[in-house]
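Protein chains in written order, with my numbering: chain H, 146 to 533; chain E, 1231 to 1365.
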């Protein structure tokens, strides 16, 4: 049959073929819509563009089959061929894209792998939760133990403070109450001496003398212990000019300074944070010791300072008899004496008092000395926080 | 020296040793005194209200039953006794006691000394005070 005849007489399309084409086009459209819907809903799906290309391909297939139906009716339509060419090109492009994405897609985990991963993930989560619970438990235990330790520390601190207060109270009450009977002994011994001295024999006078001496020593001791027990109570630190405190101490000691021929020099002295009267007392005790424990020459005493970033150090240097450094700690104890009372009088409370005063102000006291050459007593007073 | 020349004193002191010491101090100071003693404030008040009032009272502060501060208050409230000169002789160093006694109009506040010599000096001064108060 000549071709022209074919071109002229339109071919009768097969109903089955047209129906099949329409069914395939519809199915491809539905599939493409389903893929698009899937990509739209599952934003987390890997390589969404692959699926989009697939949707495009399915649309092309649908278009192809619609074109087929069209061609069945109009085999010589002018735009049918370019349309087929475009769909063919798109199909090849889709195939290429999908093919190139294949290795990536192959690497996508399958259902059993995903299940395994999920199982492992769940296990890890469980382990993590267990670890967290354990950590919380250990933390709680630590906190409880810390709280217990803190409580214990607070308790022992309170206990210590209480026992310190009690000790001070005891020292105060004891020394205060001891004064009364001592006053009685002193008064009557004094009365005996006044009325009977020289009227009995010489031994009686000697005995009365010893009794009076004992009374005076006891009075001094009680006075010193009382003062020692009051250090905490009188603690009212302020910024004190050391030079003023030194002048006050020298004034109190003027008789001793004059009679010993002592010379006292000083550098420019700083301010320290201390209770004024207590700083005067520390300086007075140190100066009085420097005069008392003098050497052959008349006492030369120098008071100076060393200003550090965190503390102010004062020193009192003398040219006295000095101290063997093995006693450097001992001399700051209560009632500690290195010499007999006959050689150097005193209660042995002076340096203990200095130590207590300095320590109440959170400071330190120490001595540097060479026997026969002299001693240097150092007091370090910490600076107040805002000044550093 | 006859009895009439002696200063009549009331010593209110719970400690007999202290009362005796004061007596000895007056003797040492050669101040003629006639001393009545009371061991607490209540007894002192009875003595003051019943008998002839003394020329001066020497008063300790810490006493049993009625202490020296209460006794001072009673004396100042009593129109018969309020003009009596009182010298406080106490061991108390407390400012509060010194202020209270000053407010209650005591002539002198003396802290008990340790040395007998100082007791004698106090006795001499009390003697002087009594002398000045005599018409």
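For every residue, glycine included, the Cβ atom is placed at its ideal position computed from N, Cα and C.
Rounding to the nearest angstrom, what Cα-Cα distance links residue 1276(E) and residue 317(H) in this structure? 37 Å
Output the distance between the C-alpha atoms of residue 1284(E) and residue 1328(E), rounded to the nearest integer angstrom. Taking the straight line from one Cα to the other gives about 23 Å.
Is there a C-beta anywhere in chain E that falls below 8 Å from the one on residue 336(H)? yes
So, helix, strand or coil for residue 386(H), using DSSP? The three-state reading of DSSP puts residue 386(H) in strand, counting E and B together.
Does residue 331(H) pass the burial test, meaning 16 or more other C-beta atoms within 10 Å, or should it be called exposed? buried
Residue of 365(H), 370(H), 396(H) and 415(H) minimising C-alpha distance to residue 388(H): 415(H)
Hey, residue 407(H) and residue 446(H) are a contact pair by Cβ (cut 8 Å); roughly how many whole angstroms apart? Approximately 6 Å separates the beta-carbon atoms of residue 407(H) and residue 446(H); this is inside 8 Å, confirming the contact.
Under three-state DSSP, which class holds residue 418(H)? strand
Within 10 angstroms of its Cβ, does residue 192(H) collect 16 or more other Cβ (buried), or is it exposed? Taking a 10 Å sphere around the C-beta of residue 192(H), we find fewer than 16 other C-beta atoms and assign the residue as exposed.
Start and end residues, beta strand (DSSP E) containing residue 514(H): 509-515
Own chain, CB closer than 7 Å to residue 377(H), minus 5 neighbours either side, in chain order: 313 and 505
Among 205(H), 258(H) and 218(H), which residue has its Cα nearest to the Cα of residue 236(H)? Closest in C-alpha terms to residue 236(H), from the list 205(H), 258(H) and 218(H), comes 205(H).
What are the start and end residues of each continuous alpha helix (DSSP H) run of 4 or more residues lying completely inside the region 441-483 of chain H, in chain order? none
Assigned secondary structure, residue 411(H) (DSSP; H/G/I helix, E/B strand, else coil): strand
Length at least 4, wholly inside the region 1314-1363 of chain E: the alpha helix (DSSP H) runs in chain order: Here the runs fully enclosed are 1325-1333 and 1346-1363.
If contact means a Cβ-Cβ distance below 7 Å, which residues of the region 1309-1321 of chain E contact chain A? The structure shown contains no chain A; its protein chains are H and E.
Check whether the region 411-428 of chain H and the region 439-458 of chain H are in contact - that is, three or more C-beta pairs closer than 8 Å. yes
Is any heavy atom in the ligand FMN found nearer than 7 Å to the beta carbon of residue 363(H)? The ligand FMN is not among the ligands present in this structure, which contains no ligands whatsoever.
Does the region 508-518 of chain H come close enough to the region 462-470 of chain H to have 3 or more Cβ pairs within less than 8 Å? yes
Look up residue 488(H) in the DSSP assignment and say whether it is helix, strand or coil. coil
Please report the Cβ distance between residue 1291(E) and residue 1322(E), rounded to the nearest whole angstrom; I am assuming they are in contact, meaning their Cβ atoms lie under 8 Å. 5 Å
Counterpart residues of residue 301(H) in DSSP-defined beta bridges: Note: residue 301(H) is not bridge-paired with any residue in the DSSP secondary-structure output.
Kindly list the residues whose CB is nearer than 8 Å to the CB of residue 353(H), restricted to its own chain and excluding five residues on each side of it in sequence; keep chain order. 334, 337, 338, 341 and 342
Going by Cα to Cα distance, which pick from 272(H), 214(H) and 329(H) is closest to residue 1247(E)? 329(H)
Under the assumption that residue 482(H) contacts residue 493(H) (Cβ atoms under 8 Å), give the Cβ distance between them as a whole number of angstroms. Right, the Cβ-Cβ distance comes to about 4 Å (below 8 Å), so this counts as a contact.
Min CB distance residue 362(H) to chain E below 8 Å: no
Which residues, in order along the region 315-328 of chain H, keep a beta-carbon less than 9 Å from a beta-carbon of chain E? 324, 325, 327 and 328
Can at least three beta-carbon pairs, one atom from the region 1346-1362 of chain E and one from the region 1257-1272 of chain E, be found at a separation below 8 Å? yes
Secondary structure of residue 524(H), DSSP reduced to three states: strand
If we call anything under 8 Å between Cβ atoms a contact, is residue 436(H) one with residue 405(H)? Closer than 8 Å, so yes.
Roughly how many angstroms lie between the CA atoms of residue 1233(E) and residue 1243(E), to the nearest whole one? Because the pLDDT at residue 1233(E) is just 47, under 50, the model does not fix this residue reliably, and the value given afterwards should be weighed accordingly. C-alpha separation (whole angstroms): 23 Å.
Per-residue DSSP class, three states only, for residue 233(H): helix
Which residues in chain H sit within 9 Å of residue 1251(E), going by Cβ to Cβ distance? 329, 332, 333 and 336
Within 8 Å, strictly: CB atoms of residue 1302(E) and residue 1340(E): no
Let me see if you follow: with CB-CB separation under 8 Å, is residue 416(H) close to chain E or not? no
For residue 490(H), tell me which candidate among 309(H), 438(H), 301(H) and 234(H) has the shortest Cα-Cα distance. 438(H)
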